[in-house]
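Residue numbers (my numbering): 580 to 730. From the three backbone atoms N, C-alpha and C, an ideal C-beta is built for every residue, glycine too. Everything numeric in this text was worked out from a predicted model, so none of it was measured. Just below is one structure, and these are the notes that go with it.
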């Protein structure tokens with residue numbers, strides 16, 4: 580019984596050693612992902628050209644973030660097809676993109692040929708640093724500035 584207890588303690592302490600050493604892993608190469616979103620200016624539901632331009636700017640940014648999210652998290656694809664008398668009678672496909680993107684930056688935004696374009700960049704070095712900060716809050720330093728006191 581005592582031997583089992585000692586072996587169990589050694590195994591548990593060994594697991595914690597492996598766990599803490601895996602948290603110290605740091606990649607040697609960090610990829611930089613890019614994404615581009617396009618939105619047609621004339622197709623925006625606004626009466627004024629300036630409003631259409633602003634809506635296209637926002638739409639292209641959202642679509643660029645969607646593309647970036649697809650690259651990071653992938654797509655969830657749901658599809659169904661119905662066949663009747665050896666011929667396809669119905670086909671339905673739905674795609675879901677879901678994820679949280681932190682650290683992406685807008686590289687460039689510009690109109691071209693009736694579209695508004697937004698280019699994004701996601702540097703995985705920054706993503707890694709943000710992840711480490713969120714996982715190790717005790718390592719984050721907080722600077723507290725107190726107001727000057729009148730003497």
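Item	Value
Just grab the DSSP bridge partners of residue 684 for me.	700
Over the uninterrupted beta strand (DSSP E) stretch that includes residue 679, give me the two end residues.	Unbroken run through residue 679: none, as it is neither H nor E.
Over what stretch of residues does the beta strand (DSSP E) that includes residue 625 continue unbroken?	Where residue 625 is concerned, there is no enclosing beta strand (DSSP E), given that its DSSP letter is neither H nor E.
According to the Cβ coordinates, are residue 710 and residue 610 closer than 8 Å?	no
Determine, using beta carbons only, whether residue 643 and residue 616 come nearer to each other than 8 Å.	yes
Decide if residue 699 is buried, meaning its Cβ has at least 16 other Cβ atoms within 10 Å, or exposed.	buried
In the DSSP assignment, find the beta strand (DSSP E) that holds residue 619 and state where it starts and stops.	611 to 619
Rank 672, 613, 631 by C-alpha distance to the C-alpha of residue 619 and give the top, closest one.	631
Measuring straight from C-alpha to C-alpha, what distance separates residue 667 and residue 653?	28 Å
In terms of residues, what are the limits of the beta strand (DSSP E) holding residue 662?	655 to 663
Give me the Cβ distance between residue 656 and residue 701, rounded to the nearest whole Å; I'm assuming they're in contact under 8 Å.	The Cβ separation is near 23 Å, so there is no contact.
Which residues share a DSSP beta bridge with residue 667?	662
Given this structure, state the Cα-to-Cα distance separating residue 676 from residue 708, to the nearest angstrom.	24 Å
Have a look at residue 658 and residue 674 and give me their C-alpha separation to the nearest angstrom.	9 Å
Identify whether residue 644 lies in helix, strand or coil by the three-state DSSP scheme.	helix
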